[in-house]
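Everything below concerns the one structure shown next.
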Amino acid sequence: MRYEAVLNVNGTDYPVEIEPGRSLLSVVRTELGLPGSKEGCDDSECGACMMLLDGRPVNSCSYLALQAQGRSIVTVEGLQRDGELHPLQRQFLEQGGVQCGFCTPGMLISATALLAENPEPSDDEIRIALSGNLCRCTGYQGIVRAVQAAAAEMAADTA
Amino acid sequence: MAVVEERRGQFIRQDGKDKVTGLGRYTADLTRTGMLHARFRYSDHPHARLLSIDTTAARALPGVFAVLTQDDVPDVRYGGFVEDRTLFARDVVRFEGEIVAAVAALTPEIATRAAELIEVEYEPLPVVRDPERALLDDSVLVHTGWEGYQANDELVRRGNDCSRSTIAKGDVEAALASADVVVKERYVADMSHAVPIEPRAIVAEWQGDKVTVWSSTQVPFIARSGVATTLQLPESDVRIIVPHLGGGFGGKCEFHFEAHVAALARAAGRPVRLVFSRREEFIAPDHRREGQVVEIETGVSRDGTLIARRARLVLDNGAYAADAPFFPQLAAMMAVGPYRIPNVSVDAHLAYTNTAPSGSVRAPTAPQACWALEQHMDAVAERVGLDPVELRRRNIVREGDETATKQVFTPIAAAETLERAVEMIGYGKELPDDEAIGVACGWWPSFGMPSGAHVKLHGDGSGTIVTGAQECGTGSVMALPLLAAEVLGMRPEQFTVVYQDTDAGPWDAGASGSQTTFNNGRAVVQAAIDVREQLLELAEEVLEAARADLELVAGRVQVKGSPTRGVDITELAGKAAGDKLLLGRGSGSPPAMPDCDVSGCTGRLGMESFLAPTFMTHAVHLKVDRATGVVRVLEVTAAHDSGRVLNRMGADGQVEGGVAMGIGMAVSEGTQLSDDGRQLNPYLLDYKLQTASDVPSIRVDWVGAPTPDAGPNGSKAVAEPPCVPTPGAVGNAIAKIAGRVHELPMTPMRVWETMQR
Amino acid sequence: MTATYTAATTLDEALAALAAGSRPVAGGTDLVVGARQGKAPLPDAVVAIHGLGELYGIVEHGGGLRIGALASHADIVAHAAVRERFTALADASAIVGSHATRNVGTLGGNVMNASPAMETGGPLLCFGAEAVLASPGGERRLGLDRLLTGPGRTDARPGELLVAIELPAPAQPGGSCYARLEYRRQMEIAVVGVTCVVALDGDRIASAQVAITALAPTIVRVPDAEAALAGSDGGADAVAAAGVAVATAARPIADVRASIEYRRAMAAVIAERAIAAAVARARGGSETVPVPASPALHGATT
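As you go down the protein sequences, you meet chains Z, V and R in turn. Numbering follows our numbering, in which position 6 of the first sequence is assigned residue number -11; successive positions increment by one, without gaps. Numbering follows our numbering, in which position 178 of the second sequence is assigned residue number 232; successive positions increment by one, without gaps. Numbering follows our numbering, in which position 298 of the third sequence is assigned residue number 294; successive positions increment by one, without gaps.
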């Protein structure tokens, strides 16, 4: 049977009717029309599906959509501010952090959560924080550079 | 190089904003009205005779619109080198991922259920698992009727040996007999996988007799040929569109599943989408990196001069040939390496087994063969008492040297890559006794292919490149505007690129063989020159000056020496828009293959000489936990000769990614098989890619040599070379601490076992 | 495919749903992944318990702890008392999956999934944890050793819900460590894991608890290793003897992750590291070996 629910994604309430077994990823991608979050594996190993749930990254492929009711969900589509790229989004481009782009949505979510918690992460802290997001293209070098650059930029903005 | 440096950090990929905002669409993101979902029924046995397939129950399931087997498609055998396979299994299944039937249904769940309901009866056959044993005369045959398959005339095949190549030069027997030292070793590399983070996906929809297929393929034109061949359609009735492609690394090369989905869509009368699970991405594609057994023997004189190389390589082909039949020849070249060796005898085989088919994965054959060769080089150095870098220094190829097939090198920078990589890492510095630096060199050809492009300038002076080229994320297509802009004196941002569509662009070999810049770059440059000539013709009239006196600079055509006498390209374009449009086309023949002498060699499949060869050296500093065998890589330096680098940020990104993949191959990525040939670790917890915390800082430098037969602006291949030497360099560093590990990947357990000996 | 879903707002509601045959889901990390991989289909009826506020807290009482079943691995790692006095549990919780898994995965889920490779099981066993199981009939307490009966099996009865794990106050001064063999620096699962908890009496080890993970069908204590440590000076000989005892007690399997021989050898190595770290922490405070211990014990690259 289907259940009525309201999911708050990127600040918008979406009324949905969903079966209880559906993952948050599946519902957001197909029912809400927000396919930015990707499906890369079956077992929470690749991180391409990461979303922020009440500000903390979760693998949405392994999370039941109905359990996300009443919570704030942020996907990669919700990172822009006033039509401008988030510093992380821009630095991913400027530092060579994007090649095929399939891991990028989850990477950006992880990096957003990291900088919210630790605005001045060390190189190793960045690498540890992004370890749940597999990238096959960049060797992570451009991604780490991008997070460093975005952290510096955001620190300068708030200073 | 100054120009290149200025571009660093300023060159933003045109698809970048799409990708960081999540608005870009990949194949699995696409839906079509009325779309159904496809599922395959895979073989239940790695090797068995098919006795019967009963689809009655599956067809009866509500929501099922089509169920197909080989009986429902044209009975066509296909394959690039050997026509050894059919879309669906016919009579015999030969590996666990072989497709027996396909289903299209309203939901993925119904499709899955229907696939399970297909009843298949088998008679299990003995499984051919070990490629060396497969070559023995008494082995069970994977393909009993192989003589009847159409095949490339150059292919040397016999029994399970799908393709054999040899290299013969000089007199190896005599040279080995006269050598001061002879070192003989055996190395075994497990198979591994490309593992793009995007599992493949395909959507097919028919309009009348024409089918459009959206596919996560690296090679749209080859996919088009595959669909046309297997479904017996003219190529003009097949359109392949590639949405954003989430990585490939060779795993999405070749023709795969587009025809299955197109056939389902035709039978169902509706669009159909197929999306692979991660497990399917491991077991079903015919593009894993092949396992290798390398027996290698070297004769060397006391002063470290290499005088003879003998080697026998057995490559695991898996159940179908795919694009692998040229691998033995390529692997044979890799087993010689970038070294001067006067006497060579290499014998390489590609053995059919009942495992997943092998195919091109980023620098096919090279990381494994180079891992064996480069560890062997260190073993030779140890036996003659030379530092491994010094042994390489004395033997590495330089301009004027010749290869095992007597190709004479034009200017190359192989030796420079060696010096630069060891300099960057501080080779020889004091290290704790559980740390070491290993070094490995490698080489890799550029691939000359036909290719085409159009360049158009619009009335407002902006431009569009229409190309058949495809990229899998590397940035190779994204960088094409750099070339057009340079020819036309414009800025790269003034160009958009239309690609990803076989109905739009001219034929191209796709994102394979590191060939996009090399070949499509040539086409784009030529198309831009075509437009430039048209602009100059217009400018002649406007400026009343002879064409020979005109130049294109900073968006203007101007008279050489008097820059004030000029006209903006925008103005010329506006003029053309009302009259004769500015349309350029380019193709051009690829550079000729270098001369070589292959008398005495067999199995010549195009790898006997290396066009515009690239060279590279990697140095790896790592630490071994002696109690556990766990290896942590601390630093990597990589020096490459890829000729002139056009897009430094993009090229660095290729090396950084290739090194990370190489570290994975070295220490953590291996496909494990059961005794009957089933993959035991088709998921990412136990097929271990390197994480961000495992990959260390990677420092890259380019020491390109000017190459006469290079691609545009002196460029050579970039994307594949970076994964060639990394595993060998890792192995050489491990060997200094733990002893030499002769199996790849060099997992903690294998390192530990080595230390127990 | 799951047919019905209830989101419980009170424990009574949850228990009623369980009594009617529903299965509980907290973070879903094991349940949903298991279903997607085809290991076990999602149950027909699930009751979501993530809304039960009383199941979240980590409460100190008399030097011990009551950890709500819904405490996430991230919550546990962040808790000062856990890091200070139940350090091995912090070690374990800090290395479950990725940060995304640790944000959602709960202690209750980890325990009730009853994997022989679960990271938190060894520390809980060594700290003498009791599971608090609620049912409409009331609560019962069960030691972890009795709760875990086999791979994927527990002694919990149908209708019972794990609501908390209670840990008695550890003997002081003491220290503990959970270490596992790690192929990669992150995103690992125990191939071999060892927990050690020690209490000191002056320079000597007064008592020790040692448990092995992924080395037997369930996580079990190793009495011979504990005996080798108890009364000793915690020096190299005693640690080595305990390592031998651990390797002897191990009943490893061969699988894609390791051979029997390698697992057995690593059992001794990891045991020695975990014991040495526990002793060092007991003697020098928690700063001597950072949390989590495993990366540091494998020679972290930083």
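Here a beta-carbon is modelled for each residue, glycine too, at the ideal position from N, C-alpha and C.
- Message: For chain V, check one thing: does any of its Cβ atoms lie closer than 7 Å to the Cβ of Z:R119?
- Response: Looking up residue 119 of chain Z in the first sequence gives position 136. At a cut-off of 7 Å between beta-carbon atoms, Z:R119 makes contact with chain V.
- What separation, rounded to the nearest whole angstrom, lies between the Cα atoms of V:I294 and Z:I111? Mapped onto the second sequence, residue 294 of chain V falls at position 240. Mapped onto the first sequence, residue 111 of chain Z falls at position 128. Straight-line spacing of the CA atoms in V:I294 and Z:I111 works out to 40 Å.
- Query: Interface residues of chain Z around V:I66 at Cβ under 8 Å?
  - Reply: Counting from one through the second sequence, the residue named residue 66 of chain V turns up at place 12. Within chain Z, the residues near V:I66 are L76 and E77.
- Would you list, in chain order, the members of the segment 798 to 809 of chain V that have their beta-carbon closer than 8 Å to a beta-carbon of chain R? Sequence-ordered contacts of the segment 798 to 809 of chain V with chain R read T801, P802, M803, W806 and E807 [C-beta pairs closer than 8 Å].
- Item | Buried or exposed (CB count within 10 angstroms, at least 16 for buried), V:P499 | By 1-based counting over the second sequence, the position of residue 499 of chain V is 445. By the neighbour-count rule (16 or more Cβ atoms within 10 Å), V:P499 is buried.
- According to DSSP, what are the bridge partners of V:G506? Within the second sequence, numbered from 1, the residue matching residue 506 of chain V stands at position 452. Paired residues: none, contrary to the question.
- Which class does V:D291 belong to by DSSP, given the choice of helix, strand or coil? What you label residue 291 of chain V is simply residue 237 of the second sequence in a count that begins at 1. In the displayed model, V:D291 falls within a helix according to three-state DSSP.
- Query: Looking at the structure shown, is R:G239 part of a helix, part of a strand, or coil, going by DSSP?
  - Reply: Translated into the one-based positions of the third sequence, residue 239 of chain R becomes position 243. If DSSP states are grouped into helix, strand and coil, R:G239 belongs with the helices.
- Message: Could you check whether R:L129 and R:P169 sit closer than 7 Å to each other, using their CB atoms as the reference points?
- Response: Along the third sequence, one-based indexing puts residue 169 of chain R at 173. Along the third sequence, one-based indexing puts residue 129 of chain R at 133. Contact annotation: R:P169 and R:L129 have beta-carbon atoms that are not nearer than 7 Å.
- With distances taken from CA atoms, which of V:E308, V:R320, V:E177 and V:I107 is nearest V:V154? Your numbering for residue 154 of chain V matches position 100 in the second sequence. Out of V:E308, V:R320, V:E177 and V:I107, V:I107 has the C-alpha closest to the C-alpha of V:V154.
- Item | Counterpart residues of V:E456 in DSSP-defined beta bridges | The sequence position of residue 456 of chain V within the second sequence is 402, counting from 1. According to DSSP, V:E456 bridges with V:V462.
- Item | Proximity test, Cβ basis, 7 Å: Z:L49 and chain R | Taking the first sequence and counting its residues from 1, one reaches residue 49 of chain Z at position 66. Interface residue, yes.
- Return the residue from the list Z:A135, Z:Y46, Z:A94 and Z:A134 that minimises the CA-CA distance to R:G24. In the third sequence, counting from the first residue as 1, residue 24 of chain R sits at position 28. Comparing alpha-carbon positions, the option among Z:A135, Z:Y46, Z:A94 and Z:A134 lying closest to R:G24 turns out to be Z:Y46.
- Counted within 10 angstroms of its Cβ, other Cβ atoms place V:D377 as buried (16 or more) or exposed: For the purposes of this step, residue 377 of chain V is taken as the residue at position 323 of the second sequence. Label assigned to V:D377: buried.
- Message: Under 7 Å, Cβ to Cβ, is there at least one residue of chain V near R:T298?
- Response: Locating residue 298 of chain R in the third sequence gives position 302, where the first residue counts as 1. Note that R:T298 has pLDDT 37, beneath the 50 cutoff, so the model's placement of it is unreliable and no number is given.
- Query: Going by the CB atoms, is the gap between V:M245 and V:R343 shorter than 7 Å?
  - Reply: Position 289 of the second sequence, counting from 1, holds the residue named residue 343 of chain V. Position 191 of the second sequence, counting from 1, holds the residue named residue 245 of chain V. Yes, they are a contact pair.
- Query: chain V beta carbons: is any one of them nearer than 7 Å to that of Z:C83?
  - Reply: Counting from one through the first sequence, the residue named residue 83 of chain Z turns up at place 100. It does: the Cβ of Z:C83 has a partner Cβ on chain V nearer than 7 Å.
- Counting only beta-carbon atoms, is R:M183 nearer than 7 Å to chain Z? For the purposes of this step, residue 183 of chain R is taken as residue 187 along the third sequence, with counting starting at 1. Chain Z, which has a Cβ nearer than 7 Å to the Cβ of R:M183, makes this yes.
- Thinking C-alpha only, which one of V:G482, V:F142, V:T682 and V:P504 is nearest V:R131? In the second sequence, counting from the first residue as 1, residue 131 of chain V sits at position 77. Comparing alpha-carbon positions, the option among V:G482, V:F142, V:T682 and V:P504 lying closest to V:R131 turns out to be V:F142.
- Give the interface partners of R:A254 over in chain V, defined as CB-CB distance under 7 Å, in chain order. The residue labelled residue 254 of chain R in the question sits at position 258 within the third sequence. Those within 7 Å of R:A254 in chain V are M803.
- Task: Check each candidate in R:A10, R:A41, R:L11 and R:G17 and name the one with the smallest Cα separation from Z:G4.
- Result: Taking the first sequence and counting its residues from 1, one reaches residue 4 of chain Z at position 21. Selection R:A10, R:A41, R:L11 and R:G17 evaluated against Z:G4 yields R:A41 as nearest (Cα-Cα).
- Could you tell me if V:G654 is buried or exposed, where buried requires 16 or more neighbouring beta carbons within 10 angstroms of its beta carbon? Counting from 1 along the second sequence, the entry for residue 654 of chain V is found at position 600. V:G654 should be labelled exposed.
- When the cut-off is 7 Å and only beta carbons count, does Z:Q124 lie next to chain V? For this step, residue 124 of chain Z is matched to residue 141 along the first sequence. For Z:Q124, the answer is yes, since a Cβ of chain V falls inside 7 Å of its Cβ.
- Message: Out of V:G522, V:Y80, V:A375 and V:H99, which one is the CA nearest neighbour of V:D729?
- Response: Taking the first residue of the second sequence as position 1, residue 729 of chain V is located at position 675. In terms of CA proximity to V:D729, V:H99 leads the group V:G522, V:Y80, V:A375 and V:H99.
- Message: So for V:H99, helix, strand or coil by DSSP?
- Response: As a working note, residue 99 of chain V is residue 45 in the second sequence. The answer is coil: DSSP assigns V:H99 none of H, G, I, E or B.
- Task: If I'm right that V:V687 touches V:I717 with Cβ under 8 Å, what's the distance once you round it to whole angstroms?
- Result: Position 633 of the second sequence, counting from 1, holds the residue named residue 687 of chain V. Position 663 of the second sequence, counting from 1, holds the residue named residue 717 of chain V. About 5 Å separates the Cβ atoms of V:V687 and V:I717, confirming a contact at the 8 Å cut-off.
- Under a CB-based cut-off of 7 Å, is Z:D(-4) close to chain R? Indexing the first sequence from 1 puts residue -4 of chain Z at position 13. No, because no Cβ of chain R sits closer than 7 Å to the Cβ of Z:D(-4).
- Message: Buried or exposed for Z:V(-8), going by 16 or more other Cβ atoms inside 10 Å?
- Response: On the first sequence, position 9 is the one that residue -8 of chain Z refers to. In summary, Z:V(-8) is buried, with 16 or more beta-carbon neighbours lying within 10 Å of its beta-carbon over all protein chains present.
- What's the C-alpha gap between V:Y553 and V:G529? Against the second sequence, residue 553 of chain V aligns to sequence position 499. Against the second sequence, residue 529 of chain V aligns to sequence position 475. C-alpha separation (whole angstroms): 13 Å.
- Query: For chain Z, is any of its Cβ atoms less than 7 Å away from the one on R:Q205?
  - Reply: Your numbering for residue 205 of chain R matches position 209 in the third sequence. At a cut-off of 7 Å, the C-beta of R:Q205 has no neighbouring C-beta in chain Z.
- Mind listing which residues of the segment 99 to 110 of chain Z have their C-beta closer than 7 Å to chain V's C-betas, in chain order? Answer in chain order: R110.
- Message: Using 7 Å as the threshold, is the C-beta distance between V:V354 and V:V451 below it?
- Response: For this step, residue 354 of chain V is matched to residue 300 along the second sequence. For this step, residue 451 of chain V is matched to residue 397 along the second sequence. In terms of Cβ geometry, V:V354 and V:V451 do not form a close pair [threshold 7 Å].
- Query: Taking the alpha carbon of V:A423 as the point to measure from, which residue in V:I788, V:V778 and V:W806 has its own alpha carbon closest?
  - Reply: Locating residue 423 of chain V in the second sequence gives position 369, counting from the first residue. Looking at the Cα atoms, V:V778 is the closest of the given residues.
- Item | Range of the contiguous alpha helix (DSSP H) that encloses V:N449 | As a first step, residue 449 of chain V must be located in the second sequence, where it is residue number 395. For V:N449, the uninterrupted alpha helix (DSSP H) run begins and ends at P442 to N449, by DSSP.
- Query: Less than 7 Å separating the beta-carbons of R:G22 and R:T83?
  - Reply: Locating residue 22 of chain R in the third sequence gives position 26, where the first residue counts as 1. Locating residue 83 of chain R in the third sequence gives position 87, where the first residue counts as 1. The sequence as given places Ala at residue 22 of chain R; Gly does not occur at that position. The answer is no: Cβ separation not under 7 Å.
- From what residue to what residue does the alpha helix (DSSP H) around V:R686 run? Taking the first residue of the second sequence as position 1, residue 686 of chain V is located at position 632. It is not in any alpha helix (DSSP H) - V:R686 instead sits in the beta strand (DSSP E) that spans V685 to D695.
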